Each structure stands twice: as C-alpha cells, then as structure tokens.
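Below is one structure, written out as structure tokens; the observations come after it.
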Amino acid sequence: MKTINNTDLSIKDVGKEVTLFGWVQKKRDLGGLTFIDLRDRSGIIQLVLKEGNEVASSLKTEAVIKAVGKVSERESKNTKIKTGDIEVIVSDLELINNSIDIPFEINGDTTALEDTRLKYRYLDIRRENIKNNLILRNKVTLIVRNYLNSLGFVEVETPILCKSTPEGARDYLVPSRVFNGKFYALPQSPQIYKQLLMIGGMEKYFQIARCFRDEDLRADRQPEFTQIDIEMSFVEEEDIWEVVEGTMKAIFKDIKGIDLPKFERLKYVDCINRFGSDKPDTRFEMELQDITDIFKNTTFEIFKGILEEKGIINCLVVKDAADKYSRKEIDKLQEFVKTYKANVLSYLKLTDGELSGSIAKVMSDEEKNGLISKFNLENNDLVLVLAGKEKIVKTALGALRVKLGHDLDLIDHSKYNFLWVTEFPMYEWSEEEQRFEAAHHPFTSPRREDIDKLLTDKENCYSRAYDLVLNGYELLSGSIRIHDSETQRKVFEAIGLTEEQAKAKFGFFIDAFKYGAPPHGGVGIGLERLIMILCDTDNIKDVVAFPKTASAYCLMSDAPNVVDEKQLKELGIGLRD
Ligand code: ASP
Numbered sequence: 010m011k012t013i014n015n016t017d018l019s020i021k022d023v024g025k026e027v028t029l030f031g032w033v034q035k036k037r038d039l040g041g042l043t044f045i046d047l048r049d050r051s052g053i054i055q056l057v058l059k060e061g062n063e064v065a066s067s068l069k070t071e072a073v074i075k076a077v078g079k080v081s082e083r084e085s086k087n088t089k090i091k092t093g094d095i096e097v098i099v100s101d102l103e104l105i106n107n108s109i110d111i112p113f114e115i116n117g118d119t120t121a122l123e124d125t126r127l128k129y130r131y132l133d134i135r136r137e138n139i140k141n142n143l144i145l146r147n148k149v150t151l152i153v154r155n156y157l158n159s160l161g162f163v164e165v166e167t168p169i170l171c172k173s174t175p176e177g178a179r180d181y182l183v184p185s186r187v188f189n190g191k192f193y194a195l196p197q198s199p200q201i202y203k204q205l206l207m208i209g210g211m212e213k214y215f216q217i218a219r220c221f222r223d224e225d226l227r228a229d230r231q232p233e234f235t236q237i238d239i240e241m242s243f244v245e246e247e248d249i250w251e252v253v254e255g256t257m258k259a260i261f262k263d264i265k266g267i268d269l270p271k272f273e274r275l276k277y278v279d280c281i282n283r284f285g286s287d288k289p290d291t292r293f294e295m296e297l298q299d300i301t302d303i304f305k306n307t308t309f310e311i312f313k314g315i316l317e318e319k320g321i322i323n324c325l326v327v328k329d330a331a332d333k334y335s336r337k338e339i340d341k342l343q344e345f346v347k348t349y350k351a352n353v354l355s356y357l358k359l360t361d362g363e364l365s366g367s368i369a370k371v372m373s374d375e376e377k378n379g380l381i382s383k384f385n386l387e388n389n390d391l392v393l394v395l396a397g398k399e400k401i402v403k404t405a406l407g408a409l410r411v412k413l414g415h416d417l418d419l420i421d422h423s424k425y426n427f428l429w430v431t432e433f434p435m436y437e438w439s440e441e442e443q444r445f446e447a448a449h450h451p452f453t454s455p456r457r458e459d460i461d462k463l464l465t466d467k468e469n470c471y472s473r474a475y476d477l478v479l480n481g482y483e484l485l486s487g488s489i490r491i492h493d494s495e496t497q498r499k500v501f502e503a504i505g506l507t508e509e510q511a512k513a514k515f516g517f518f519i520d521a522f523k524y525g526a527p528p529h530g531g532v533g534i535g536l537e538r539l540i541m542i543l544c545d546t547d548n549i550k551d552v553v554a555f556p557k558t559a560s561a562y563c564l565m566s567d568a569p570n571v572v573d574e575k576q577l578k579e580l581g582i583g584l585r586d
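The sequence shown: position 33 = 42 (this note's numbering), numbered continuously.
Now the structure itself:
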C-alpha cells in the first residue's frame, strides 16, 4: 500500500529513503537531467533523475509511476508549493501505467470547454479545485453527522424506489418488472418517510439523502441532488431553528474559522415588502421604498389610474449613482424590469438640489419635496420608480435591486448573511392549474391563528413554513407539519384533492396518522448549495463528482440511453414511434 503522501514530506525528512506513487503532472527533460512533478491527491513533489533513464523518457503526462529515492534539500526553492523546499533524487523509477494524450491540461484553471471536462470527468476530478471541492464536501457531511449525532439524532436511510412524494416537481419514474404497467417514483425528498419515522417513534432523524426531481435545470440545480434532511418530534419552530443554526455554526467554524452570529429573522410578508424577494441578499441595503403615499394626490394620469386600481408605487434610492446612469443605461434597466412584467421604469436624479428625470415634470413641488426629505436625498442620488400591481412592482424592483447590487459592487463578499424567512403563505395560485396549490407541501401546518382560514380565506392563510436564506440563496425549506387528520383533510380539500384522490396518493400516510402521530417538523438543507457557497462557486457542477448537463445528460457515460429490447419486454414496455 502507498504509505507516504507527497505533502507529508518536508525539510525535516531530508536524507530519508521514500517510495512514492502518483501521476506525472509535468516532465522536463534537460539532457541527462530529468525533472518530474509528481502529483498525488495531497499535492506535488519534485522528482529528479540525474542520469538518462529509459523509463523516464517513455513517460507521458498523467502516467502513473512508482518512484523510490532520497529526500534532498532543493537548491532553488519553490514557494508556490508545499514541498517547495525539497525534492526526491530517484534511484528507481517504475512505470505502472502510461497515459495516452490528455484532452486538457490537468493543472490550474483550465480553459477547456465544460462539455470536454464533463466527458472526461475522471480527469477533471484530478484538477485541484474539483478535488478540493469534493474533499470539502466530505468534511461538511462529516461535521453534520458528528454534530447531529451528538444531539441524539439517528441517521436512517429511506427508500429510493418509492411512491411519488409531493414536492411539486415532476417525478423520475422506474417501471416495475414484477408489476408490469406499474411504476416506482424516485423520491423528490424523503418527506413522507421522515414523517413516518416520527410516527414510528424515532423522535430525532437525519439523513444525507439523495433526492430526484425532473425539472428544468438552472445553474444551481441538478436532477439528482443531496439534502441534509432533518425531522424532529415534540418541537416548535424555535427548536428546529436552533438545531440548524448549531449545525451551520459548527460547519462555518470548522471550514471558515468564523463564529457566526445568531441568524436574523423576517416574516415572509415583511421580506417581500422590504426586498421584493423571499430570498433576499441582505449583504447590502438599498431596500424597496413605498412611496405610494407621496403620490396620493397625483395629477399624473398613469399613476392616478394605477392607484385607483389599488396598485402601489415603490422606488429604489441608489446613492451617488445618478452620473453612472445615462438615458441609455436607464433604458437597459427598463428592459430588465420588463422581463418581470413591469411597465415603465421612471427615474429621478437630484442635481444641484433639483429633481430631474422622466417624471420630474409631472410631479408637484410638494411631491418632490416629500421625496427629497423622506430619503434625505443628496446630489447625484438616483431614484428608480415603479408603479403597478403590487406583486409585479415588488418582484421586478426586488430583482433590479439585486442586479444593481452586483453592477454597482455594493455587495460585501466577505459576509455570510443567514436569514430565516418565516410564515410563508399556505397556498399559491397556479395559473396553469387554475387552482390553489400548497406553497410548500401539503403536510405543512397552517399558523395557529389561521386554522379557520384554511378553506375560506386561502389568500390570507399563512403557514408554519420557513426558509433559511444565505446571501440570496435559498439554503433550506422546512415546516412544522400537520399532525391531525382533520386539518390534513381540509388542506387536501383546499388544494382540490378529493378524498378518493388523497386516499389513492397518500392513503397509507393518512392512515398512519390514526395511530398516534406526535407533533413534528423539520427541514431539508440543500447540501450542494451550501457547498457552492463555501467553495465560492456559482456552478453546482463544481461541487458534484459526476454532474449532468442542463438537459440532465451525462456526457461521460451517455446516460440516459437506449436499453435492450429484452429489458423493455420484461418491463412490459413498448416504445411509441
Ligand atoms: N421536503 C422538504 C423539501 O424538500 C423539506 C422539508 O419540509 O423538510 O423542500
């Protein structure tokens, strides 16, 4: 077995005879003298062959070798690598396995196309950053396991072949050979099982769980991903948040050496009002400002019409930025808000104490002064104004806030801002389905004070669901669950599930609640997102060993792919033309 890692060796080992194994990262042939950068998982060490050597001359980049030799102090030191003080003078070199020409360089930040890297992922994993990300991922899951175990949590594995779970995405289906025409679904999360574990009396469960969702993919999504899944019995929100905060604190202390402060909290409604998003980036301020009141007597027809239809007027005050936004630049912002269905983006600039800009002419002196004094506007401040339906104004301005945060470099990238967003709406209107759907999942408990609204006032019914947001990313979702059959029945009814449909989908689950279900709640933490933030990447593929493309395709193995006719036959499947 290999017993020495390259970077175990240091100046202290000079004179020692060592046997090293690894890959040839680089070879320099200087006539009689050959230098090899030998790479193993730990890092690089320089090998030196002082005489012409047949094996050495046959080596290609990425060949696997065994080298026996003596550790020696280097004449010219290399401060860039950990073993830069030393080299190994090789007495015996063995070629274990040569390599053919490699499709891209293994060192540093490669410029290879992502598709090439995915096709040869095993080579990509040899690169420093992917390797380090995977090692960090292992470290994080180990911290999680240790921390949760210390609190009395038990890790339980739940099925991968199961009945559809209701997380709102499309299922991946697996046809059954034994029951032709029937399908398993891969779990979108272990939601149902973890609740059944609570009914099973486990009290504190966790799992580093694989989840599968057949959704359109984005930069931070993969069709299969991992959740740190947690469920607890006899708890309120506070208890769950404490466990999650403790877990995050343990991770950030160990990985980043940071003592995280207590996490901030904000109700969903306030969050939307202030940031126009349920996952706000709170590393910078520039909150949305409601200026509806300032325009309550407006004579400007467009604003007047909007206010008559119960619309709102909000703005962003962009400090000291008026000179950065010419008409052309403002037009670009206009195009941007249009993608969020917003209409005209108005603007105002304060120059020499005077407001100018697209709506300056239609504003009264009172309105102008009201605006200047409300925000203590100073010269060169820019005010971006949107008027319209509440939801559109909030969403568009919220997105514009984030864009400007990036464009104007307002974000402090050294910060890790955790925020609990609480009391989400119970339901969400689905335009496609023309009915209300569960905003989280249908097992989420309503707020105690909203129980009566479950069927009668769905718009104003709020839940005990919460998200944890980190730097604008939704890191986890969770909720206190319903644990009595009557409330559960009402929620199914509210989202348009008849008793028969509910029974067919979750009959076994509903039945379980009749045998003494404890109050319970939990969370599912997106592991990849957490690792992405810890690794400072915005590409989920960087933190997954064998990722798929945006079309859920594996370029390395060519999955999905066709299967034998015989396999299809066994499954009772005939393909349509
Ligand atoms: N199953 C939920 C999800 O995947 C998390 C939870 O409610 O615990 O979002």
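Think of the CB as a built atom: it goes at the ideal place given N, C-alpha and C, for glycine as much as any other residue.
Note that the structure is a prediction, hence the values are computed from the model and not measured.
- Look at Ser100 and Thr70 and say whether their C-beta atoms are less than 9 Å apart. no
- Message: Less than 6 Å between C-beta atoms, sequence neighbours within five positions excluded: which residues of the same chain meet that for Ala76?
- Response: Leu29, Leu56, Val99, Leu102
- Message: Here's a check: name, in chain order, each residue in its chain whose Cβ is nearer than 7 Å to the Cβ of Arg538, leaving out the five neighbours to either side.
- Response: Asp229, Tyr482, Leu484
- Query: Roughly how many whole angstroms lie between the Cα atoms of Arg410 and Glu318?
  - Reply: 25 Å
- With DSSP as the reference, label Ser67 as helix, strand or coil. helix
- Message: With a threshold of 8 Å (Cβ to nearest heavy atom), would Ala220 be considered close to ligand 1?
- Response: This sequence places Cys at residue 220; Ala is not what is there. Yes, since a heavy atom of ligand 1 falls inside the 8 Å radius drawn around the Cβ of Cys220.
- Heavy atom of ligand 1 less than 8 Å from the Cβ of Gln200, yes or no? yes
- Return the bridge partner residues of Trp438 from the DSSP annotation. Phe445
- Provide the residue span of the alpha helix (DSSP H) that contains Phe515, from first to last. 508-521
- Item | Burial state of Ala568, where buried means 16 or more other Cβ atoms lie within 10 Å | exposed
- Query: Is any heavy atom in ligand 2 found nearer than 8 Å to the beta carbon of Glu240?
  - Reply: For the structure depicted, ligand 2 is absent and the ligand set comprises only ligand 1.
- Query: Between Val532 and Arg48, what straight-line distance do the alpha-carbon atoms span, to the nearest angstrom?
  - Reply: Those two C-alpha atoms are separated by around 41 Å.
- Item | Glu176 Cβ short of 8 Å to ligand 1 heavy atom set | yes
- Per DSSP, cross-strand counterpart(s) of Met565: Met565 pairs with nothing; no bridge assigned.
- Cβ-based burial, Leu170 [other Cβ within 10 Å; buried from 16]: Exposed, because fewer than 16 other Cβ atoms sit within 10 Å of the Cβ of Leu170.
- Message: When you measure from the CB of Gln497 to every non-hydrogen atom of ligand 1, does any distance come out below 8 Å?
- Response: no
- Task: Look up Cys470 in the DSSP assignment and say whether it is helix, strand or coil.
- Result: coil
- Cβ separation of Phe501 and Gln204, assumed to be a contact under 8 Å, to the nearest whole Å: Not really, about 15 Å apart at Cβ, beyond 8 Å.
- Message: So, for Leu464: in the same chain, excluding its five sequence neighbours on each side, which residues have a beta-carbon less than 6 Å away from its beta-carbon?
- Response: Lys499, Ala503
- Message: Determine whether the beta carbon atoms of Ala72 and Val33 lie at a separation below 9 Å.
- Response: yes
- Mind listing, in chain order, the continuous beta strand (DSSP E) runs of no fewer than 3 residues lying wholly within the region 81-149? 95-106
- Message: Any contact between the region 278-298 and the region 471-482? By contact I mean 3 or more CB pairs, one from each, below 8 Å.
- Response: yes
- Item | Beta-carbon proximity of Ile74 to Gly41, cut-off 9 Å | No, the Cβ-Cβ distance between Ile74 and Gly41 is not below 9 Å.
- Sub-9 Å separation of Leu275 and Leu428 beta-carbons: yes
- Query: Can the beta-carbon of Leu536 be found closer than 9 Å to that of Phe312?
  - Reply: no
- Where Arg599 falls: helix, strand or coil (DSSP): A question about residue 599 goes unanswered here, because the residues of the chain that appear run from 10 up to 586.
- Message: Three Cβ pairs or more, each shorter than 8 Å: is that satisfied between the region 389-409 and the region 349-361?
- Response: yes
- Query: So what does DSSP say about Gln236, is it helix, strand or coil?
  - Reply: strand
- Message: Taking 6 Å as the limit between beta carbons, can you name the residues of its chain near Phe518, skipping five residues before and five after?
- Response: Ile201
- Query: Touching or not, the region 59-70 and the region 10-17, by the rule of three or more beta carbon pairs under 8 Å?
  - Reply: no
- Query: How about Ile322 and Gly407: do their beta carbons lie closer than 9 Å?
  - Reply: no
- When the Cα atoms are used, what is the spatial distance from Val572 to Arg179? 23 Å
- With a threshold of 8 Å, establish whether the CB of Lys172 neighbours any heavy atom of ligand 1. no
- Query: Considering Ser486, what are the terminal residues of the beta strand (DSSP E) in which it resides?
  - Reply: 482-489
- Message: Cutting at 7 Å between CB atoms, please list the residues of its own chain near Glu521, excluding the five before and the five after it.
- Response: The amino acid at residue 521 is misidentified as Glu; the sequence shows Ala. Contacts found: Leu205, Ile208.
- Cβ neighbours of Lys25 in the same chain (closer than 6 Å, five flanking residues each side left out): Hits under 6 Å: Val80.
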